[in-house]
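Trainee:
Number of protein chains: 2
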Amino acid sequence: MPGTPPAPRARNRDETRRAILTAAQALLADAGFSGFGVNALARRSGFDKQLIYRYFGGLDGLVDALGESLAGWVATHLTPALAQDTGPGYGDLVEAVMLAYLDALRGDSLMQKLVAWELSDPSPQVRRLSDQRARALGELVARLRGDRQPAPGLDAPALNAILIAAIQHLVLTAATSGRFSGLALATDEDWDRAKAMLGRIIRALNAP
Amino acid sequence: MPGTPPAPRARNRDETRRAILTAAQALLADAGFSGFGVNALARRSGFDKQLIYRYFGGLDGLVDALGESLAGWVATHLTPALAQDTGPGYGDLVEAVMLAYLDALRGDSLMQKLVAWELSDPSPQVRRLSDQRARALGELVARLRGDRQPAPGLDAPALNAILIAAIQHLVLTAATSGRFSGLALATDEDWDRAKAMLGRIIRALNAP
DNA sequence: AGCATATATCACCACTCGGTGACATACGCA
DNA sequence: TGCGTATGTCACCGAGTGGTGATATATGCT
Chain A
1118 MPGTPPAPRA
1128 RNRDETRRAI
1138 LTAAQALLAD
1148 AGFSGFGVNA
1158 LARRSGFDKQ
1168 LIYRYFGGLD
1178 GLVDALGESL
1188 AGWVATHLTP
1198 ALAQDTGPGY
1208 GDLVEAVMLA
1218 YLDALRGDSL
1228 MQKLVAWELS
1238 DPSPQVRRLS
1248 DQRARALGEL
1258 VARLRGDRQP
1268 APGLDAPALN
1278 AILIAAIQHL
1288 VLTAATSGRF
1298 SGLALATDED
1308 WDRAKAMLGR
1318 IIRALNAP
Chain Y
1118 MPGTPPAPRA
1128 RNRDETRRAI
1138 LTAAQALLAD
1148 AGFSGFGVNA
1158 LARRSGFDKQ
1168 LIYRYFGGLD
1178 GLVDALGESL
1188 AGWVATHLTP
1198 ALAQDTGPGY
1208 GDLVEAVMLA
1218 YLDALRGDSL
1228 MQKLVAWELS
1238 DPSPQVRRLS
1248 DQRARALGEL
1258 VARLRGDRQP
1268 APGLDAPALN
1278 AILIAAIQHL
1288 VLTAATSGRF
1298 SGLALATDED
1308 WDRAKAMLGR
1318 IIRALNAP
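Chains as they are written, first to last, in the numbering used here: chain A, 1118 to 1325; chain Y, 1118 to 1325.
Next up, the structure:
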């Protein structure tokens, strides 16, 4: 005898869109961009892939929507750790932001996969994701800066780019292999060592 | 009328192996790891994919062979730039090696694709590639070091890991988007700015 | 109540992928 | 010269991909 027919699904465009988007985040977080696609997402979300085309216009549109849904990531994940007062100098602020960013990224597999994606896919949809994150970081620093000034003669944009690059790279490689270039990056203590060095760099370059 | 039958291919195992390996490097260099596979390689090399299985035991074996063929990359690409005398300090040597590595990586699309691959694929074959490169860099520094010593109290492994991470990340993102986190990385002058900051970091941390 | 439409599902397409077994033929050795 | 084997080629498999058209049915409006 056939079982009871499957309960018909409630029909609600907005809710379905949200559900697909949520499933997309989960799928990307644990399969990575190489396993990210229409069929896999349809399987995972439980909705027919046709809906992905209807509601997002295909994968590209979905990535855009994914970007919008993560627009506030930097602000929401970094501000808590930045609530307590940092030291008075510009370097103190940069150090706090960088270390907060490191921890936030380290704890977020989805963001890691996004960064990895950006490194391998030059498509404009994906590039927009990184531009957006970079801008958010800049705005965060600007908002918290007050009247602090980088040391005169310091190329702050270059230094900050180098720091962010190092952080992202260390977090990504640590996620796949737990170490990088002879430096262990598995335990929290391992990471303390890396953080100490980052702090030292920032303080040294911002010294008066 | 049928054209002349295709000239029969010379049969030579070693030569074929080499040709496939060369085609594999070229394929990886311009398609990236996501477009890297048996079928694509067979198309590109002009040989039947069966030979890839027969001579390399599949993709995994091919990657291993690729690694062996690139074992000397660090030495051959960095030593020329390091021929001239560097300054007397340990920091001078590190700076020279880092900048040489940056330029070498920036000019080598294949190596860039390998690094990107390592960031997205935790498989042991791929990880071996990065371990091998890291070890080669370490050996190079050890060979050139002589009796120079890092400043006492400096965590040299941590600093070096951060520098290499930053370099690799900057080169990779620059290759796909020409910029990173508000820092332009397209022209040689752009890169001079990044290099200057790297040098400054190294000198500041190695100051007595 | 009845009807139009938006929502959801199914079935299919052409293509690519990694992988394997069968077959043809050039090469080297006896 | 003939024969065995290594080398190269072809044809196929199942599974997965992005993408599309047709179909069912729940929902909301008149």
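All C-beta atoms in this analysis are idealised placements derived from N, C-alpha and C, irrespective of residue type, glycine included.
How about N1323 (chain Y) and G1208 (chain Y): are their beta carbons less than 8 Å apart?
Mentor: Residue numbering aside, residue 1323 (chain Y) sits at position 206 when the second sequence is read from its first letter. Residue numbering aside, residue 1208 (chain Y) sits at position 91 when the second sequence is read from its first letter. Yes, the pair counts as a contact, with Cβ atoms nearer than the cut-off.
Trainee: Identify, in the order they occur along the chain, each residue of the same chain with its Cβ nearer than 7 Å to the Cβ of L1289 (chain Y), setting aside the five sequence neighbours on each side.
Mentor: Here residue 1289 (chain Y) is taken as the residue at index 172 of the second sequence, counted from 1. Around L1289 (chain Y): Q1229, V1232, A1233.
Trainee: State yes or no: is the C-beta of S1226 (chain A) within less than 8 Å of the C-beta of A1148 (chain A)?
Mentor: As a first step, residue 1226 (chain A) is located in the first sequence; it is residue number 109 there, counting from the start. As a first step, residue 1148 (chain A) is located in the first sequence; it is residue number 31 there, counting from the start. Going by C-beta atoms, S1226 (chain A) is not nearer than 8 Å to A1148 (chain A).
Trainee: How many Å lie between L1187 (chain A) and R1245 (chain A) at the Cα?
Mentor: In the first sequence, the residue the question calls residue 1187 (chain A) occupies position 70. In the first sequence, the residue the question calls residue 1245 (chain A) occupies position 128. The straight-line gap from Cα to Cα measures roughly 12 Å.
Trainee: In this structure, does DSSP put R1128 (chain A) in helix, strand or coil?
Mentor: Indexing the first sequence from 1 puts residue 1128 (chain A) at position 11. It is coil, neither helix nor strand.
Trainee: With the cut-off set at 8 Å, would you say L1168 (chain A) and T1196 (chain A) are in Cβ contact?
Mentor: Position 51 of the first sequence holds residue 1168 (chain A). Position 79 of the first sequence holds residue 1196 (chain A). In this structure, T1196 (chain A) does not lie closer than 8 Å to L1168 (chain A) by Cβ.
Trainee: I need the DSSP call for L1300 (chain A), collapsed to helix, strand or coil.
Mentor: As a position in the first sequence, residue 1300 (chain A) is number 183, starting the count at 1. Strand.
Trainee: Is the distance from the Cβ of L1138 (chain A) to the Cβ of A1200 (chain A) below 8 Å?
Mentor: Your numbering for residue 1138 (chain A) matches position 21 in the first sequence. Your numbering for residue 1200 (chain A) matches position 83 in the first sequence. No; because the gap between Cβ atoms is not below 8 Å, this pair is not in contact.
Trainee: Let me know the secondary structure DSSP gives P1269 (chain Y) once reduced to three states.
Mentor: The residue given as residue 1269 (chain Y) occupies position 152 in the second sequence. Coil, per DSSP.
Trainee: Does DSSP put A1188 (chain Y) in a helix, a strand or coil?
Mentor: Position 71 of the second sequence holds residue 1188 (chain Y). Here A1188 (chain Y) sits in coil by DSSP.
Trainee: Starting from the C-beta of M1118 (chain Y), find all residues in its chain whose C-beta is less than 7 Å away, skip the five residues before and the five after it, and write them out in chain order.
Mentor: Position 1 of the second sequence holds residue 1118 (chain Y). A caution first: M1118 (chain Y) carries a pLDDT of 45, below 50, which makes its placement in the model too unreliable to give a value.
Trainee: Check whether the Cβ atoms of D1307 (chain A) and A1301 (chain A) lie closer than 8 Å to each other.
Mentor: Here residue 1307 (chain A) is taken as the residue at index 190 of the first sequence, counted from 1. Here residue 1301 (chain A) is taken as the residue at index 184 of the first sequence, counted from 1. Closer than 8 Å, so yes.
Trainee: So with Cβ pairs under 8 Å, would you call H1194 (chain Y) a contact of chain A?
Mentor: The residue labelled residue 1194 (chain Y) in the question sits at position 77 within the second sequence. No, its Cβ sits nowhere closer than 8 Å to a Cβ of chain A.
Trainee: Please confirm whether G1255 (chain A) has its beta-carbon closer than 8 Å to some beta-carbon of chain Y.
Mentor: On the first sequence, position 138 is the one that residue 1255 (chain A) refers to. Answer yes: the Cβ-Cβ gap between G1255 (chain A) and chain Y drops below 8 Å somewhere.
Trainee: How many whole angstroms separate the CB atoms of R1161 (chain Y) and L1144 (chain Y), which I take to be in contact at a CB cut-off of 8 Å?
Mentor: One-based indexing of the second sequence puts residue 1161 (chain Y) at position 44. One-based indexing of the second sequence puts residue 1144 (chain Y) at position 27. The Cβ separation is near 5 Å, so the contact holds.
Trainee: Taking only beta-carbon positions, decide if Q1167 (chain A) is within less than 8 Å of chain Y.
Mentor: Taking the first sequence and counting its residues from 1, one reaches residue 1167 (chain A) at position 50. With 8 Å as the cut-off, Q1167 (chain A) does not count as an interface residue toward chain Y.
Trainee: Can you list, in chain order, the residues of the stretch 1306–1325 of chain Y whose Cβ is nearer than 9 Å to any Cβ on chain A?
Mentor: Of all residues in the stretch 1306–1325 of chain Y, R1310, A1311, A1313, M1314, L1315, R1317, I1318, A1321, L1322, A1324 have a Cβ within less than 9 Å of some Cβ in chain A.
Trainee: Does DSSP put D1202 (chain A) in a helix, a strand or coil?
Mentor: What you label residue 1202 (chain A) is simply residue 85 of the first sequence in a count that begins at 1. D1202 (chain A) falls in the coil class under three-state DSSP.
Trainee: Does any CB atom of chain Y fall closer than 8 Å to the CB of L1236 (chain A)?
Mentor: Counted from its first residue, the first sequence places residue 1236 (chain A) at position 119. L1236 (chain A) counts as touching chain Y.
Trainee: Can you list the residues of chain A that Q1242 (chain Y) reaches, using a CB-CB cut of under 7 Å?
Mentor: For this step, residue 1242 (chain Y) is matched to residue 125 along the second sequence. Simply none; closest approach about 13 Å.
Trainee: Residues in the same chain with beta-carbon distance under 8 Å from G1263 (chain A), minus the five sequence neighbours each way, listed in chain order, please.
Mentor: Taking the first sequence and counting its residues from 1, one reaches residue 1263 (chain A) at position 146. Excluding residues within five positions, none has a Cβ falling inside 8 Å.
Trainee: Which same chain residues, not among the five before or five after L1315 (chain Y), have their C-beta less than 8 Å away from its C-beta?
Mentor: Position 198 of the second sequence holds residue 1315 (chain Y). Within the same chain, L1315 (chain Y) has close Cβ partners E1212, M1215, L1216, L1219, L1280, A1283, I1284.
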